[in-house]
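2 protein chains.
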Amino acid sequence: MISRLTIRRLLERHHVGCQALAIRSMQSQHSSHREWNKQQQQQHTRHKHQALATLAGFGAGVALWLKYNHQEAAAASLESEDNESIGKYGARRKGLPEYNLDDVSKHGTMQDRVWVSYRHGVYDITDFIAEHPGGDKILMGAGGSVEPFWTLYAVHKNDHVLDMFEKYRIGNLAADDVGASVKNMSDPYGNEPRRHIALKPSSKKPFNAEPPLALLVDSLITPNELFYVRNHLPVPEVDASTYELEVCDEELQKEKVFTLKDLKKYPKHTVTATIMCAGNRRSEMTQVKPVKGLSWGQAAIGNATWSGARLCDVLRDLGITDGKTDALHIQFEGLDTDPAHMPYGASIPIEKALDPHGDVILAYEMNGEPIPRDHGYPIRVIVPGVVGARNVKWLGRIVVSKDESDSHWQQNDYKGFAPSVDWDTVDFKKSPAIQELPVISAICEPLEGQTVGVKNGKVNVKGYAWSGGGRKIVRVDVSSDGGKNWQAADVLECDGARHPQAWGWSIWKAEIPVPKSKLEAQLCAKAVDSQYNTQPENFENIWNLRGVLANAYHRVNIKLAR
Amino acid sequence: MISRLTIRRLLERHHVGCQALAIRSMQSQHSSHREWNKQQQQQHTRHKHQALATLAGFGAGVALWLKYNHQEAAAASLESEDNESIGKYGARRKGLPEYNLDDVSKHGTMQDRVWVSYRHGVYDITDFIAEHPGGDKILMGAGGSVEPFWTLYAVHKNDHVLDMFEKYRIGNLAADDVGASVKNMSDPYGNEPRRHIALKPSSKKPFNAEPPLALLVDSLITPNELFYVRNHLPVPEVDASTYELEVCDEELQKEKVFTLKDLKKYPKHTVTATIMCAGNRRSEMTQVKPVKGLSWGQAAIGNATWSGARLCDVLRDLGITDGKTDALHIQFEGLDTDPAHMPYGASIPIEKALDPHGDVILAYEMNGEPIPRDHGYPIRVIVPGVVGARNVKWLGRIVVSKDESDSHWQQNDYKGFAPSVDWDTVDFKKSPAIQELPVISAICEPLEGQTVGVKNGKVNVKGYAWSGGGRKIVRVDVSSDGGKNWQAADVLECDGARHPQAWGWSIWKAEIPVPKSKLEAQLCAKAVDSQYNTQPENFENIWNLRGVLANAYHRVNIKLAR
Chain X
1 MISRLTIRRL LERHHVGCQA LAIRSMQSQH SSHREWNKQQ QQQHTRHKHQ ALATLAGFGA
61 GVALWLKYNH QEAAAASLES EDNESIGKYG ARRKGLPEYN LDDVSKHGTM QDRVWVSYRH
121 GVYDITDFIA EHPGGDKILM GAGGSVEPFW TLYAVHKNDH VLDMFEKYRI GNLAADDVGA
181 SVKNMSDPYG NEPRRHIALK PSSKKPFNAE PPLALLVDSL ITPNELFYVR NHLPVPEVDA
241 STYELEVCDE ELQKEKVFTL KDLKKYPKHT VTATIMCAGN RRSEMTQVKP VKGLSWGQAA
301 IGNATWSGAR LCDVLRDLGI TDGKTDALHI QFEGLDTDPA HMPYGASIPI EKALDPHGDV
361 ILAYEMNGEP IPRDHGYPIR VIVPGVVGAR NVKWLGRIVV SKDESDSHWQ QNDYKGFAPS
421 VDWDTVDFKK SPAIQELPVI SAICEPLEGQ TVGVKNGKVN VKGYAWSGGG RKIVRVDVSS
481 DGGKNWQAAD VLECDGARHP QAWGWSIWKA EIPVPKSKLE AQLCAKAVDS QYNTQPENFE
541 NIWNLRGVLA NAYHRVNIKL AR
Chain Y
1 MISRLTIRRL LERHHVGCQA LAIRSMQSQH SSHREWNKQQ QQQHTRHKHQ ALATLAGFGA
61 GVALWLKYNH QEAAAASLES EDNESIGKYG ARRKGLPEYN LDDVSKHGTM QDRVWVSYRH
121 GVYDITDFIA EHPGGDKILM GAGGSVEPFW TLYAVHKNDH VLDMFEKYRI GNLAADDVGA
181 SVKNMSDPYG NEPRRHIALK PSSKKPFNAE PPLALLVDSL ITPNELFYVR NHLPVPEVDA
241 STYELEVCDE ELQKEKVFTL KDLKKYPKHT VTATIMCAGN RRSEMTQVKP VKGLSWGQAA
301 IGNATWSGAR LCDVLRDLGI TDGKTDALHI QFEGLDTDPA HMPYGASIPI EKALDPHGDV
361 ILAYEMNGEP IPRDHGYPIR VIVPGVVGAR NVKWLGRIVV SKDESDSHWQ QNDYKGFAPS
421 VDWDTVDFKK SPAIQELPVI SAICEPLEGQ TVGVKNGKVN VKGYAWSGGG RKIVRVDVSS
481 DGGKNWQAAD VLECDGARHP QAWGWSIWKA EIPVPKSKLE AQLCAKAVDS QYNTQPENFE
541 NIWNLRGVLA NAYHRVNIKL AR
């Protein structure tokens, strides 16, 4: 099987224009792509616009999914797959004009007005586009059917989305063309890895899941099988023997392709680093006011030992060193792609990548084993201290650039806003992309609502604490009276943790007195890091529309058994 | 005049044993000290104990001052100088045995019991020493008079201290010896620089003062004359033409002495950096529960442009570079000394010093002028992003070491603790020395209690925001209803501020609607930095016994004129 990277390159090179684009049908194609790479260097900064132009022309389908994917429609993700009311949407409606797919494909730009089809329906979504939080990304698949997208993002198949969608209905699709766009298209999620039964999914397609909180802090190192999974797209199947990582510098016009074997020739660098999803603990923030996003508990975080080549060593071989480049960002692209074959993408500031103490590695091992498929096999970039979203899995390409990644996830997602900003007023350009995460902690034992035995007037409490940016945890305070009185917990840190390279979390324990003769107690935890930053008390004032950065005190209400 | 550095060296070299030690009387002495330096390298790690042994023998006076200096006895500092009830303390008391200074000097160690004299009184303070929060530092001047110390630290002359002190009274001092210890001793504060009349002192000896809040944010750069002053000791008078900076590496047994001219040969490096006292905004924290420390308002912070030699360039010339040393800390000693001639001292982790992007400089200019005496003339080490206490003024010595500075200010001061820790339970070893400061902000206009004109339903609010560790301010939220609703302010940042080298503060402005028809409002401000850390809501849960790290939301109550 050829790699997804090659498929993506082929697609871009050939400006593939087939109507019912099916990934599997492409897998028999093969071609050298070296000569293409040279053009690609110049083309990369125009990547998005090139892709827009290309895709708008062949109509691979509309990208309404983008809106709903990045909002993640928390409520809908699991249930929607079996939504029984779907049949009523996209049904043939009397009295509307009839169009065929060729008609639809003529409406692929704003100038021509943007049309899409869904089942028996034709829709003019031009007026919706202006309101689209993700901007003109929605144009990517204009002029075709949305069905290939919705196969990938089952989340769309819920009444809320379909009700809204139906308002833009302008006609019926010719009977012969109905279903043409999904003919021969296999389930993109048909080849997902097997997962541990303990992982609790908040979304199945794409797969997102966290382990049970009670198992999370059994040891400083999180077992691979229990490490939370946050995928944005289907897991690509990558053949390590043909895997290639492309590294290029936009300005210097240099590029180099590395096989897995090439990467393993660099000194093997090992770091113990915690990776956390920006949305960890979102379910608590949601209680203040709903947010858009997967409803993560407190376990969208894990701590592992990662081994691989240091990115700064690899970049040095391209002549890219501190002070010898005008670039400002390092962009990463995954081999996981959306229906328009645009890869998952993110970037980090170049300071982090070039700093030998930044410990950014192109990791091929997780806890001493080849990185599991769900975590980025064969290569995941590990950016210690930085939000999970920049630790790009299935790494396919690195671009040294003056610009941030133009990906949706860098530009229009994973950013923090003031509580007053809502979807009607948000301007994603006004906030910086989340990189280093703030200090956080959580209580893992006991669990919310649990009945806990009181021994000698005390209960046992256990949890984790972590801070981004290599800041070390210097103290965890625990309270059993809702935050009136505090006691310092015993903190177990990762070996050799030293600011500003304390990348791994700490696990803490406390035996804490509970109020006498009471049958209930509210436990609270808050951590202090080596910059003496601490957590905010409540969620009200850090609430944000995406529900990220949910690092207020963790409060757990328990019942006391005496 | 010879430099203070030389005086200190002479004192240490000669194990000076004069009873009534007067700094000025030493200033005519002069000697080469090169041969001494070699011994000093080995001796440095035993610095404290050597000094204790030396000083205990000659009895320069007791060090009760240390306890009160590091607690800074907030309430007492200004008023105490004119305390009229002092006369009753240390008066001759009938029925007590009589001792002379020679008797007292035989009690300079714990084994012999520790005696001190004050005016006509002799005291056995042995049992007090065990309770002393500063540990055995109090032994430094055992076996002599406390008067030379109290001349320096007028704070002791208040009823609270003297009442406690009088309890340890054991005898009367022989009439001939009364006053001998302060004979010929001039006022150590007799040669302080002139200060701008706008600076409001919270302590005059040593001098500590902040500018009026309303002037603080007139510009991004704080004028030298209005920059807050935080001195721990008298300002030394240093002659730039004879100034010498000693740099040594304990392990490598290397040392080098630099004149000011030598330092100016290095490339001139300029950084704009904010310096803040760890106790800034302490007066707000005190409202929750009293703390020990100078009662700073919100203006113990300033932002200046500093120029000098990079510390990493200087260290490189001694062969000390990243990865080529086992040292972990860089210690700094000032030329300002206590009555036992121990210098002010502090240290920083070596990572910060050796990182070329850490921007640590040996600064000889502040805002384009030679550094003023109050700010460290001729050399102050500027450690951007790090608490003021480590930005050592009048820099006399740098030691590359495996150990932190053993100074009082590094070990037993400038540390954070949980709210539950009080002076009875504190163990200073349990917290790390404050280095990088957490995110903070303050409202500078309007002031607390001020009547403010409402225009179009709005009021103008202005302030500063800053975060340590080079974290950039990415947002400031302002509220006019006590924190229920928030509006993002307009933020003006220093040129070129980029995480993690955003060393300078930001000034922010907002025109914010106030509740209709109300005559009062509570303004609040909170900042978010580029690590997305934000401020805690209230002081209750960050209260600490020293009143440091007071970075809760700033709340200002105003009256509205309509």
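Quick note, the sequences are listed as chains X and Y, same order.
Residue numbers for the first sequence follow the UniProt record's numbering, beginning at 1 and rising by one.
Residue numbers for the second sequence follow the UniProt record's numbering, beginning at 1 and rising by one.
Glycine is no exception: its CB is placed at the ideal position from the N, C-alpha and C atoms.
On a predicted model such as this, the values are computed, not experimentally measured, just so you know.
Return the chain-ordered list of same chain residues with a C-beta closer than 6 Å to the C-beta of proline 201 of chain Y, the five sequence neighbours on each side being excluded.
-> Hits under 6 Å: Ala209.
Just the chain Y side, please: which residues come within less than 7 Å of alanine 488 of chain X by C-beta, in chain order?
-> Ala418
Compute the distance between the beta-carbons of valine 314 of chain Y and tyrosine 266 of chain Y, then report whether it is under 8 Å.
-> yes
Would you verify that the beta carbon of serine 441 of chain Y is, or is not, closer than 8 Å to some beta carbon of chain X?
-> no
DSSP state of histidine 232 of chain X mapped onto helix, strand, coil = Of the three classes helix, strand and coil, the one that applies to histidine 232 of chain X here is coil, per DSSP.
For arginine 475 of chain X and chain B, any beta-carbon pair shorter than 8 Å?
-> You won't find chain B in this structure, because its protein chains are X and Y.
Nearest residue (CA-CA) to leucine 226 of chain X, options X/Lys205, X/Ala304, X/Arg169, X/Gly171 = X/Ala304
So, is the C-beta of glutamate 351 of chain Y closer than 8 Å to a C-beta in chain X?
-> For glutamate 351 of chain Y, the answer is yes, since a Cβ of chain X falls inside 8 Å of its Cβ.
Pick from Y/Arg195, Y/Pro211, Y/His232, Y/Ser219: whose alpha carbon is nearest that of alanine 299 of chain Y?
-> Y/Pro211
Span of the alpha helix (DSSP H), counted from its first residue to its last, around threonine 126 of chain Y | Counting along the chain, the alpha helix (DSSP H) containing threonine 126 of chain Y begins and ends at 126 to 129.
Can you have a look at glutamine 450 of chain X and say buried or exposed, based on whether 16 or more other CB atoms are within 10 angstroms of its CB?
-> Exposed, because fewer than 16 other Cβ atoms sit within 10 Å of the Cβ of glutamine 450 of chain X.
Below 6 Å CB to CB, which residues in the same chain sit around tryptophan 365 of chain Y once its five sequence neighbours on both sides are set aside?
-> Sequence check: residue 365 of chain Y is glutamate here, not tryptophan. The beta carbon of glutamate 365 of chain Y lies closer than 6 Å to those of Ser307 in the same chain, with the five residues before and after it left out.
Could you give the DSSP three-state label for arginine 546 of chain X: helix, strand or coil?
-> coil
Could you say which of Y/Lys484, Y/Pro536, Y/Asp495 lies nearest to glutamine 522 of chain Y if we only look at CA atoms?
-> Y/Lys484
Can you list the residues of chain Y that valine 528 of chain X reaches, using a CB-CB cut of under 8 Å?
-> Gly416
Under 8 Å between C-beta atoms, does glycine 279 of chain Y make it to chain X?
-> no
Best match in X/Glu511, X/Pro513, X/Ile512, X/Gly496 for proximity to tryptophan 505 of chain X [C-alpha to C-alpha] | Distances from the CA of tryptophan 505 of chain X to each of X/Glu511, X/Pro513, X/Ile512, X/Gly496 were compared; the closest alpha carbon is that of X/Gly496.
State the CB to CB distance for the pair valine 178 of chain X and histidine 120 of chain X, rounded to an integer number of angstroms; the pair is presumed to be in contact (CB under 8 Å).
-> 6 Å
Check the DSSP bridge columns for glycine 293 of chain Y and list the partner residues they point to.
-> DSSP output for glycine 293 of chain Y lists no bridge partner at all.
Using a C-beta cutoff of 8 Å, does glycine 469 of chain X count as contacting chain Y?
-> Taking Cβ atoms only, chain Y reaches closer than 8 Å to glycine 469 of chain X, which makes this a yes.
Distance, Cα to Cα, glycine 463 of chain X vs alanine 552 of chain Y?
-> Between glycine 463 of chain X and alanine 552 of chain Y, the C-alpha separation is close to 25 Å.
Mapping DSSP to helix, strand and coil, what is arginine 46 of chain Y?
-> Per-residue confidence for arginine 46 of chain Y stands at a pLDDT of 33, beneath the threshold of 50, marking its modelled position as unreliable; the derived number appears in the next sentence. If DSSP states are grouped into helix, strand and coil, arginine 46 of chain Y belongs with the helices.
For the stretch 538 to 561 of chain X, enumerate the residues whose C-beta is nearer than 9 Å to any C-beta of chain Y, in chain order.
-> Asn538, Glu540, Asn541, Ile542, Val548, Leu549, Asn551, Tyr553
With distances taken between CB atoms, is the gap from leucine 216 of chain X to cysteine 444 of chain X smaller than 8 Å?
-> Closer than 8 Å, so yes.
Are alanine 433 of chain X and glutamate 404 of chain X touching if we call contact CB-CB under 8 Å?
-> yes
Which class does glutamate 369 of chain X belong to by DSSP, given the choice of helix, strand or coil?
-> strand
Please state if the CB of glutamate 255 of chain X and the CB of aspartate 326 of chain X are separated by a distance shorter than 8 Å.
-> no
Meets three-Cβ-pair contact criterion under 8 Å: the stretch 463 to 473 of chain Y and the stretch 512 to 528 of chain X = no
Nonlocal neighbours in the same chain, by C-beta distance under 7 Å from histidine 357 of chain Y, ignoring five residues either side = Gln501
The alpha helix (DSSP H) with methionine 110 of chain Y in it runs from where to where?
-> Neither: methionine 110 of chain Y is in no alpha helix (DSSP H) and is coded neither H nor E.
Host beta strand (DSSP E) of methionine 276 of chain Y (start-end) = 269 to 276
Whole-angstrom distance between phenylalanine 428 of chain Y and serine 31 of chain Y, CA atom to CA atom = Since pLDDT at serine 31 of chain Y reaches only 30, below the 50 mark, its modelled position is unreliable, and no value is offered.
How should isoleucine 558 of chain X be labelled, buried or exposed, when 16 other C-beta atoms within 10 angstroms of its C-beta is the threshold for buried?
-> Around the Cβ of isoleucine 558 of chain X, a 10 Å sphere holds 16 or more other Cβ atoms; the residue is buried.
Helix, strand or coil at histidine 375 of chain X according to DSSP, with G and I counted as helix = In this structure, histidine 375 of chain X counts as helix in the three-state DSSP scheme.
Given glutamate 436 of chain X as reference, the closest of X/Ala278, X/Met110, X/Lys88, X/Trp486 once Cα atoms are compared = X/Ala278
Provide the residue span of the alpha helix (DSSP H) that contains histidine 408 of chain X, from first to last.
-> 408 to 411
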